[in-house]
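Under this note's numbering, the first residue of the sequence shown carries the number 21, and numbering increases by one thereafter.
Beta carbons are placed, not taken as given, at the ideal position from N, Cα and C, and that holds for glycine.
From a predicted model like this one, the values you see are computed outputs, not experimental measurements.
Read the structure below first, then the notes.
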Amino acid sequence: MVLVNEAPAGRPLSVEQLVELRRFNLAQVIVNCLCFGIFIALAVTTLYRLWRRVRFLPQRTFLLIISHVIVVTIFYTIWIATTASISRQQLKYEVGDVRDVPTRCPAPVILAYIAITLVVFMNDGMLIHRCWIIMERSNLIIIPTVLFVIKTSLYVANGFIIVTQHRSMDRYLIIPGLGVSLANHIILSAAGCFKLLAYRRAAQSLGDKSGMEYVAVAYVLAFAGAIYAISNILALTTNNTTVQPLSNAILFGVAATSPLFIPLNVASVDAKRAAPTSFLDNSKIMATMSIASVTASVSADTDTTLQATEENMRKRSIETV
21 MVLVNEAPAG
31 RPLSVEQLVE
41 LRRFNLAQVI
51 VNCLCFGIFI
61 ALAVTTLYRL
71 WRRVRFLPQR
81 TFLLIISHVI
91 VVTIFYTIWI
101 ATTASISRQQ
111 LKYEVGDVRD
121 VPTRCPAPVI
131 LAYIAITLVV
141 FMNDGMLIHR
151 CWIIMERSNL
161 IIIPTVLFVI
171 KTSLYVANGF
181 IIVTQHRSMD
191 RYLIIPGLGV
201 SLANHIILSA
211 AGCFKLLAYR
221 RAAQSLGDKS
231 GMEYVAVAYV
241 LAFAGAIYAI
251 SNILALTTNN
261 TTVQPLSNAI
271 LFGVAATSPL
281 FIPLNVASVD
291 AKRAAPTSFL
301 DNSKIMATMS
311 IASVTASVSA
321 DTDTTLQATE
331 ENMRKRSIET
341 V
C-alpha cells in the first residue's frame with residue numbers, strides 16, 4: 021500500500037538505491053510467502069477437520085472457505101509477482117526519476133490493487149455474515165453493512181484514481197478506508213462477543229454449568245478482532261516508506277487468515293469429543309440459541325413443542341460454523 025500523490029522533479033536511481041531496492045523486494049517476498057504458507061496450512065487444516073469431524077455441516081461453509089482460499093491464492097500470486105515492479109515505481113517517485121514513467125498506469129499496479137480489494141472485501145463480508153448469524157439475523161447488522169458500503173465507495177474511488185491519474189493509492193482515500201474498516205471490525209467483534217456471552221448465561225440458566233462452547237468462540241472472535249485492529253493501526257500510523265510495505269504485508273496476512281479462525285476452532289472443539297458431533301449438538305445448548313422460543317416452549321406444551329424447537333435450533337446453530 022504505497023501512499024504517493026505526485027512525483028518530484030527528477031534524478032536517476034543510484035547503484036546503492038538499486039541494491040537496496042532488491043534487498044527490500046526480497047524481504048517483502050519472504051514476508052508474503054511466510055504469510056501465504058501460514059494461510060494455506062490453516063485452510064487445509066480447517067477444511068480437513070470440518071469434513072472429517074463435524075456432522076450436518078452446511079455445504080455453503082465449504083464453498084465460502086474454498087472461495088476464500090481461491091481469492092487469497094490469486095492475491096498472493098499477483099502480489100508476489102508484482103512486488104518488484106511496484107517497489108521500483110515507488111522508488112522512482114521518491115527520488116524523482118521520471119524519465120521512464122509510462123503515460124498510463126502499469127498493469128501490475130492495477131492487478132495488485134484488484135487483488136487487495138478482493139481480499140479485504142472477502143474478510144469484511146465473511147465477518148459480517150458470521151456475526152449476522154451469531155446475532156440471530158438482527159437488524160443491528162445494518163450498521164456494519166453501511167460502514168462496509170462506505171468502505172467500498174472509498175476503494176472504488178481510489179481505483180478510479182489509480183487507473184485515470186497514473187499514481188498509486190491516494191492517502192486521502194486509503195486512510196479513511198482503513199479507519200472505517202477498523203471501526204467495522206471493532207463493532208462486529210464486540211457485538212458478537214456480547215451475544216455469545218449472553219448465550220452462555222442462558223445455557224447456564226438451563227442447566228449447562230459451563231457453556232464453554234460459546235466462550236471459546238467469543239475468545240476466537242475477540243482475538244481475530246484484536247490482531248486485525250493492531251495490524252490496521254500499524255498500517256495507519258506507519259509513514260516510513262521502508263517499513264510501510266512490510267506492515268501492509270502483515271495487515272493483508274491477517275485479513276487473509278482471520279476468517280478461518282472460527283471454523284478452525286469449531287472443528288477443534290468437535291475433534292476433542294469422544295464421538296464426533298456437530299458444533300453445539302446438545303439439546304440444552306441448542307435451546308439457548310433462541311431464549312424466547314425456549315421460554316414459550318416450556319410454558320406451553322413442553323414435550324412436543326420443546327422437541328420441535330430444539331430441532332429447529334439444531335438447523336440454525338450449525339450456521340454458526
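For a test of the three-state rule: what should DSSP assign to residue i, helix, strand or coil?
i, result
"M232", "helix"
"Y42", "Note that residue 42 is Arg in the sequence shown, not Tyr. Helix at R42."
"M155", "coil"
"T66", "helix"
"P78", "coil"
"T97", "helix"
"E36", "helix"
"T102", "coil"
"L266", "helix"
"L226", "coil"
"V341", "At V341, the pLDDT of 46 sits below 50, so the modelled position is not reliable and the matter cannot be decided from this model."
For residue i, count neighbouring Cβ atoms within 10 angstroms of its own Cβ and tell me buried if that reaches 16, exposed if not.
i, result
"I162", "exposed"
"F59", "buried"
"R221", "exposed"
"S173", "exposed"
"S225", "exposed"
"Q79", "exposed"
"N204", "buried"
"S267", "buried"
"L83", "exposed"
"N159", "exposed"
"R69", "buried"
"V237", "buried"
"V129", "buried"
"F180", "exposed"
If distances are taken between C-alpha atoms only, which option among the options comes closest to residue i?
i, options, result
"I247", "S278, K215 and T257", "S278"
"C213", "R150, Q79, I94 and R42", "R150"
"L202", "A127, T65, L147 and I86", "L147"
"A210", "V89, Y239, I182 and V51", "Y239"
"I50", "E36, T103, T165 and M142", "T103"
"A127", "D144, A101 and N143", "A101"
"Y1", "M142, L280, A63 and F56", "What is shown of the chain runs 21 to 341, which leaves residue 1 out entirely."
"F281", "L241, I206 and T257", "L241"
What separation, rounded to the nearest whole angstrom, lies between the Cα atoms of residue i and residue j?
i, j, result
"L131", "T137", "10 Å"
"I86", "C53", "20 Å"
"Y219", "V235", "9 Å"
"A177", "L167", "15 Å"
"L217", "T81", "24 Å"
"V183", "G197", "18 Å"
"A275", "G245", "10 Å"
"A223", "I153", "18 Å"
"L208", "P164", "7 Å"
"V139", "A47", "22 Å"
"A269", "T93", "14 Å"
"I134", "V91", "11 Å"
"M155", "G199", "24 Å"
"A255", "A249", "10 Å"
"N45", "L271", "17 Å"
"R72", "T66", "10 Å"
"V89", "Y175", "22 Å"
"I98", "E233", "39 Å"
"R42", "M142", "31 Å"
"T325", "A61", "Here T325 scores only 38 on pLDDT, less than 50, and its place in the model is too uncertain to base an answer on."
"N252", "E36", "32 Å"
"K171", "G145", "12 Å"
"V64", "K215", "29 Å"
"V169", "F243", "25 Å"
"N285", "T257", "32 Å"
"P283", "R157", "19 Å"
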